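Here the structure comes first, spelled out in structure tokens, and everything after it is commentary.
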Amino acid sequence: MALALSLGRRTRGRTWPNPSVGAVIVKHGAIIGRGWTQSGGRPHAEIEALRRAGEAARDATLYVTLEPCAHHGKSPPCADAVIAAGISRVVSALEDLNPEVAGRGHARLRAAGVAVDVGVGADEARRDHAGHIRRMRDGRPHVLLKLAISADGKAAAAGRKPVAVTGEASRDRVHLLRAHSDAIAIGIGTAMADDPRLTCRLPGMSKSSPVRVIFDSKLRLPLGCRLVRTAAETPVWVVAGADAPQAAASRLSLSGVEVLRCPGAFERVDLKEALQVLAAKGITRLMVEGGPTLACAFVGADLVDEAIFFHSQRTIGAEGIDALAPEALAALHGRLKLSRDMPVGADRERRYERS
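Start counting the sequence shown at 0; every next residue gets the next number (numbering that gives the first Met the number 0).
This is the structure:
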């Protein structure tokens, strides 16, 4: 199961709206097939593992990180393929919360005489499938908040002037986090101040860049910014207020940007409504990267499920912009627990998860 979990992480961030599942087929103590959900969500992990195992799959054991599907979607049910291959035992980490599955896959296997064990590696599988679980259970993506914090608690210099807070090792980690996310979000203030690309710039991983989401209630995103100029290469979605100017929406659309309109309040865009819209479009994992205003809004709405802080030894000065307002930081520490604390180059990474 540990290997299956590791395999499932290979395409995390590239399989949405499907979960990124891993599968391993074992017979007489030897691994005869491995699989993971392919980019775009298909083929599923079980099908890939069965294809590699071939006829040797008969009477073998399948380890899989999520219940095999039992419904006809864009491909036939994996449970039927497992039965047809002659697998004699399935070890599944979790039951799938998708209402179209929800125990039916396991039930179909048992009805066909396949032995089924559920729960091996469940805790780790819940972490790996947090996005899928959150979308199925709450109708929104799993939200990861990322902050780079100077030694004096700042994220930018005075006047929102961007500054390199952390070192190269931390920045590489951030690019990997981007690659493992379905989408990355910033506020319009950060978009205008930093003119970022928000892509994954690790060697060979540019195709793993997530959808770029900008919360921009009044559609102020400049047509000449790098996000708009590269929208044809990596998707850009702008979350706007219901009353944002139609002329601005049309200009962005003609530039390849998709405009999503939502009612109500981060600068009058309702974050809960916005997350539901993103989930409806298939997003399961959303990384909120900046800036402090958007971060505070997500914390204030209790929509942060996980947080990663990169703490630098560098100081910016009293005039700098706080990484997070003190009350928001206190609220976050009250809701999340520290799960990892480790050095990253000269910086320190602290990860927090919901209790």
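By construction, the Cβ of each residue, glycine as well, lies at the ideal position given by its N, Cα and C atoms.
Predicted model only: the values in this text are computed from it and were never measured.
Cβ-based neighbour list, residue i, same chain, cut-off 7 Å, excluding 5 preceding and 5 following
i	result
L96	I132, M135, R136
K336	Y351, E352, S354
A80	E45, I46, L49
R313	S149, A150, V164
K153	I315, G319, I320, D321, A322
R9	W35
Cβ-based neighbour list, residue i, same chain, cut-off 6 Å, excluding 5 preceding and 5 following
i	result
E232	none
T64	A3, L4, G7, V20, G21, A92, A124
K217	A243
S87	D58
E348	F309, M341
S338	R350, E352
D301	none
G240	S216, R267, V268
T283	W15, G130, H131, R134, P140, D181
Residue i versus the options, residue with shortest Cα-Cα distance
i	options	result
G355	A55, I183, R139	This structure does not reach residue 355, given that the chain is present from 0 up to 354, and the question cannot be answered.
G112	A83, G118, I46	A83
P18	A329, R126, A155	R126
R41	P291, H141, C68	C68
A55	H71, D269, G32	G32
E257	T283, R13, L277, G152	L277
G316	T36, A156, G120, A52	A156
A106	T229, C77, D122, G120	C77
S254	G39, G223, V298	G223
H70	V343, G85, P98, Y62	P98
G333	Q37, V298, V23, G344	V298
A110	D346, V89, V119, G12	V89
A330	C295, S208, A246, C261	C295
V158	C261, P291, K280, S205	The sequence shown places Gly at residue 158, rather than the Val named in the question. Ranking the options by Cα distance to G158, first place goes to P291.
Simplified DSSP assignment, three categories, for residue i
i	result
E348	strand
P202	coil
L176	helix
V81	helix
T60	strand
D116	strand
K355	Missing from the structure shown is residue 355; the chain here goes from 0 to 354 and no further.
A101	coil
L197	coil
M0	coil
E272	helix
H131	helix
E257	strand
G152	coil
D95	coil
P342	strand
Burial state of residue i, where buried means 16 or more other Cβ atoms lie within 10 Å
i	result
R211	buried
H27	exposed
L251	buried
K160	exposed
A52	buried
A178	buried
A114	exposed
D122	exposed
S207	buried
S311	buried
K202	What sits at residue 202 in the sequence shown is Pro, not Lys. P202 should be labelled exposed.
D346	buried
P262	exposed
G104	buried
Own chain partners of residue i with C-beta closer than 8 Å, once the 5 adjacent residues on each side are dropped
i	result
I213	A184, I185, G186, I187, A190, L220, L226, V235, W236, V237, V238
A101	E94, D95
(request) State whether the segment 139–152 contacts the segment 164–173, with contact taken as three or more CB pairs (one from each stretch) at a distance under 8 Å. (result) With the cut-off at 8 Å, the segment 139–152 and the segment 164–173 touch.
(message) Could you check whether the segment 322–335 touches the segment 189–208, counting it as contact only if at least three pairs of C-beta atoms, one from each stretch, sit closer than 8 Å?
(response) No, because fewer than three Cβ pairs between the segment 322–335 and the segment 189–208 fall closer than 8 Å, the two stretches do not touch.
(message) With three or more C-beta pairs closer than 8 Å as the rule, is the segment 267–275 touching the segment 304–311?
(response) Because the criterion of three Cβ pairs below 8 Å is not met, the segment 304–311 and the segment 267–275 do not touch.
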